[in-house]
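Residue numbers (my numbering): 5 to 860.
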């Protein structure tokens, strides 16, 4: 007797089999059945039920068989591709395709097109190869005189080229036909999908609907009872039923015991333990997932073991099997939602709570989620059993109305004030946070009201399939948004942790790079865009966009699409941007290597080094741009048009920009100024910090930056103190009193110059007797400083030293002398008036007579 696979159909035990054998068989299949129940529960979340009218047409396997066995691993030939596309055209043109057959061609036509594209690419290569051979032979002689072997080879290659060109045209025809058929299939699918959603049934506002719903409910229950009562599997003796009941009870008790024990062990080993501080988001999510799985162990193992036992004894057949599976699926889904709610809200472990809510708020949210789990579980059971029993449209309308009302009430309960603004946080949170919470609650309430109005309005108008579609897709979209927000929080937290560890490792060794926060920001922004793109890709299929259409759209955008006469490929653009970044990064590495390792080992001054570094950057930027443009598929010959347009722009408005750019190139190669030079241009002077493409940055002595256009350095006269060397002359004027020994002054000034370390010996310092002034003798001490950096400080230090030497020698530095002559009297019109009385000057502390000096 050969062993059976555990995934095969179970062996039906005879009715009179001992209870021990039945128990052992149930234990063997208990684990598999429990896992099956969990998988079914998850499948119910990811793949919600479709409208009843979607169950039409044959099976997918029959569709595949009708196509003549296309599952062969060998690639199709061009003739087979043409035959399949012709078959698809006939079936689609008939308008009698079933839903399964239409879905089959939606999946098959892109494969046929891909195969035709591969054949087209191979045919193009063959045509180009044959054409090159013909070109190698050259044109045929006009007089027809050609060696026979050459003529025969030419004829053979021409025939081969004609055949290859015909094959190329057929492949292109197959591609065009596949694209056209695929568009027709997509249009037909969208039309059928719209028709299913907009099918109008009875309105619950009509009393006849409720009457018919009660009749259909009574008829469905009667059919269920009739099938169960007349089932051959239930016609057993009383003793057999006692054995089955005892075995089922034993299985349930053992399953519950094992599940509780296993759950306790797992919770003790992997459960959520109290923490000194809240764990990271990823750890909390992992704990919530494990807690949910552990919570599902008890009902999962118990239901799985019971189902396996009942299937072993032969009860799970026909309608009973459907009833048991749907019941198990509904219960598993309800427990799944309840377990997720318990894990996320974590009323007993606030540190492990995923939602940022308070303890009372977590209890309220968990209670609402528990009621929602029961509602959704009952909905799954009723919908699936209604399809099995063919309950009818009236009962479906009533069911959707009650379901929509219940879900709307639950969603409105989630917008209660004690959840968004709990009373226990009124004195804790600030006013700004409370305002944000109120706004969020208002928007959430408005969204729920809009959803409820659309759902209930659709049901009341008779569009019950549309109402179910809206509510299920909205809830699934909300779940998807929640999962994406959790994913975003985990990613952001991971990025912050990585940069935090990097900063901790670099502490004490070097100063933190100022670009680290910028890099962290842009990485976070990239993660945000990826999460949004992932959300869009996952949300579109929820709202009716087929994966095949979405994939075809993405593939077309990546491989290229036509805009006018230009083919734009996002893949080529991304590759071009990547190459541009890579080449530019290599350029920066080369610049850094030149700046830190190569150029410091040479005797080149800092200006030449900076010019080489800048020139390397320009060359790398140009190469990166050319490589990126070529990779993106832009024909460089078309740049002539761009150059013509730029020339017009230069003639009108870009003269200054181009002038500065060309001036920058002249400064770079001619080098009248270089980085580090001390220049004076106009009213500004300072050190050259950076020479850019358009302008040059000068740092003044008061640490301010002056941006000067490059054209000013070409068109204006500038003073460059450090153009050829850094030696500069310092002139210190000195004045001494008349009668001072001039030779002594000369010797003291030269002594001061020779004693200072920053004064050059060659050229030597010298003293000049400049002139005889009105109140002093004028001398000048002229020296040469080693470096322009000491221009001001050297002059100051020389004055200090001269002052000290003159004090020691008794030489006086005089002040200007002025003779002041005072004349009394009053001046009027430029002449003295002696006929007026003299003005008396009051004594200190007295007040002059009122009326002025004349007594008026």
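The beta-carbon is built from N, C-alpha and C at its ideal position, and this holds for glycine as well.
None of the values given here were measured: they were computed from a predicted structure.
Alpha-carbon spacing of residue i relative to residue j, whole angstroms
| i | j | result |
| --- | --- | --- |
| residue 353 | residue 599 | 57 Å |
| residue 1 | residue 783 | Outside the shown range of the chain, which is 5 to 860, sits residue 1, and nothing can be said about it. |
| residue 544 | residue 382 | 27 Å |
| residue 573 | residue 87 | 31 Å |
| residue 819 | residue 742 | 11 Å |
| residue 229 | residue 107 | 37 Å |
| residue 589 | residue 583 | 10 Å |
| residue 140 | residue 164 | 15 Å |
| residue 505 | residue 576 | 36 Å |
| residue 133 | residue 160 | 14 Å |
| residue 268 | residue 299 | 10 Å |
| residue 604 | residue 612 | 11 Å |
| residue 110 | residue 481 | 25 Å |
| residue 619 | residue 697 | 11 Å |
| residue 686 | residue 722 | 8 Å |
| residue 271 | residue 303 | 16 Å |
| residue 625 | residue 694 | 18 Å |
| residue 400 | residue 531 | 44 Å |
| residue 664 | residue 704 | 22 Å |
| residue 178 | residue 585 | 40 Å |
| residue 632 | residue 662 | 24 Å |
| residue 474 | residue 591 | 55 Å |
Opposing strand residues paired with residue i [DSSP bridges]
| i | result |
| --- | --- |
| residue 690 | 683 |
| residue 1 | This structure cannot speak to residue 1, because the chain is shown only from 5 to 860. |
| residue 770 | 786 |
| residue 733 | 788 |
| residue 723 | 684 |
| residue 739 | 782 |
| residue 775 | 782 |
| residue 317 | Answer by DSSP bridge pairing: none, since residue 317 is not bridged. |
| residue 763 | 789 |
Under 9 Å between C-beta atoms of residue i and residue j
| i | j | result |
| --- | --- | --- |
| residue 692 | residue 670 | no |
| residue 714 | residue 667 | yes |
| residue 615 | residue 672 | yes |
| residue 770 | residue 758 | no |
| residue 347 | residue 296 | yes |
| residue 326 | residue 388 | yes |
| residue 437 | residue 424 | no |
| residue 312 | residue 256 | no |
| residue 460 | residue 405 | yes |
| residue 289 | residue 623 | no |
| residue 749 | residue 738 | yes |
| residue 105 | residue 90 | no |
| residue 206 | residue 198 | no |
Assigned exposure category for residue i - 16 Cβ within 10 Å defines buried
| i | result |
| --- | --- |
| residue 341 | buried |
| residue 394 | exposed |
| residue 797 | exposed |
| residue 147 | exposed |
| residue 682 | buried |
| residue 810 | buried |
| residue 330 | buried |
| residue 101 | buried |
| residue 808 | exposed |
| residue 466 | buried |
| residue 247 | buried |
| residue 397 | buried |
| residue 250 | exposed |
| residue 735 | exposed |
| residue 112 | buried |
| residue 337 | buried |
| residue 69 | Residue placement at residue 69 cannot be trusted, given a pLDDT of 42 that sits under 50; what the coordinates show is reported in the next sentence. Burial call: exposed. |
Any non-hydrogen atom of the ligand HEM within 8 Å of residue i CB
| i | result |
| --- | --- |
| residue 769 | This structure lacks the ligand HEM, and indeed carries no ligand of any kind. |
Within-9 Å CB hit, residue i to chain D
| i | result |
| --- | --- |
| residue 139 | In summary, chain D is missing from the structure at hand, where a single protein chain is found. |
Stretch-stretch touch, CB-based, cutoff 8 Å, three pairs: the segment 496 to 508 with the segment 238 to 251: no
Do the segment 764 to 772 and the segment 798 to 807 meet, that is, are 3 or more Cβ pairs less than 8 Å apart? no
The segment 359 to 372 touching the segment 186 to 201, judged by at least three CB pairs closer than 8 Å: no
So, do the segment 177 to 189 and the segment 451 to 471 have three or more beta carbon pairs nearer to each other than 8 Å? no
Is the segment 121 to 128 close to the segment 165 to 172, with three or more CB pairs under 8 Å? yes
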